[in-house]
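Asker:
Residue numbers (our numbering): 86 to 223.
#1: Identify whether residue 112 lies in helix, strand or coil by the three-state DSSP scheme.
#2: Taking the alpha carbon of residue 118 as the point to measure from, which residue in 147, 99, 138, 175 has its own alpha carbon closest?
#3: Is it right to say residue 105 is buried, meaning 16 or more other beta carbons lie within 10 angstroms of its own, or is it exposed?
#4: Could you tell me the distance, in whole angstroms, from the CA atom of residue 200 to the CA atom of residue 154?
#5: Quick one: Cα of residue 126 to Cα of residue 135, how far?
#6: Suppose contacts are defined by Cβ-Cβ distances below 9 angstroms. Is residue 276 in contact with residue 133 by that definition?
#7: Buried or exposed for residue 193, going by 16 or more other Cβ atoms inside 10 Å?
#8: Per DSSP, what kind of secondary structure is residue 170 in: helix, strand or coil?
#9: Would you kindly check if the distance between the Cβ of residue 185 and the Cβ of residue 159 is under 9 angstroms?
#10: Are the CB atoms of residue 129 and residue 116 nearer to each other than 9 angstroms?
#11: Distance, Cα to Cα, residue 122 vs residue 140?
Structure follows, in structure tokens:
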């Protein structure tokens, strides 16, 4: 029980620290990660997605997939277009996001200015379907 007292604040603090640096690289203020729900609004503005996505973040189970999709979109803003890099951020965001935020060589590119690549929508859909299956079976 005592371990949980220390673990729970850590689980809420670390993602905020990681997102702080990513927000700063995207040209936003780092403190915006500290405000609940507003941070999701800013996150959607950073990746330039419609605000109706915010509504989908309030539905159980769907919110997990929307957040994973948002993570993939933010990774694309750092010129990470390969399936493996996107899969890595979905499986281990607590490792990959700090790397993107704190690394000097990683730079943020506005979603409107990033290079257009072939859409991996089918593969990304399969990947997210697989994650959904794992969540439902566990």
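Think of the CB as a built atom: it goes at the ideal place given N, C-alpha and C, for glycine as much as any other residue.
Answerer: By the coordinates alone:
#1: In this structure, residue 112 counts as coil in the three-state DSSP scheme.
#2: For residue 118, the nearest C-alpha among the options comes from 99.
#3: By the beta-carbon neighbour count (other beta carbons within 10 angstroms, threshold 16), residue 105 is buried.
#4: Between the C-alpha atoms of residue 200 and residue 154 there is a straight-line separation of about 19 angstroms.
#5: For residue 126 and residue 135, the distance between alpha carbons rounds to 10 angstroms.
#6: Missing from the structure shown is residue 276; the chain here goes from 86 to 223 and no further.
#7: When all chains shown are included, residue 193 counts as buried.
#8: In this structure, residue 170 counts as helix in the three-state DSSP scheme.
#9: Result yes, Cβ atoms of residue 159 and residue 185 sit closer than 9 angstroms.
#10: No, they are not a contact pair.
#11: Here the alpha carbon of residue 122 sits roughly 11 angstroms from the alpha carbon of residue 140.
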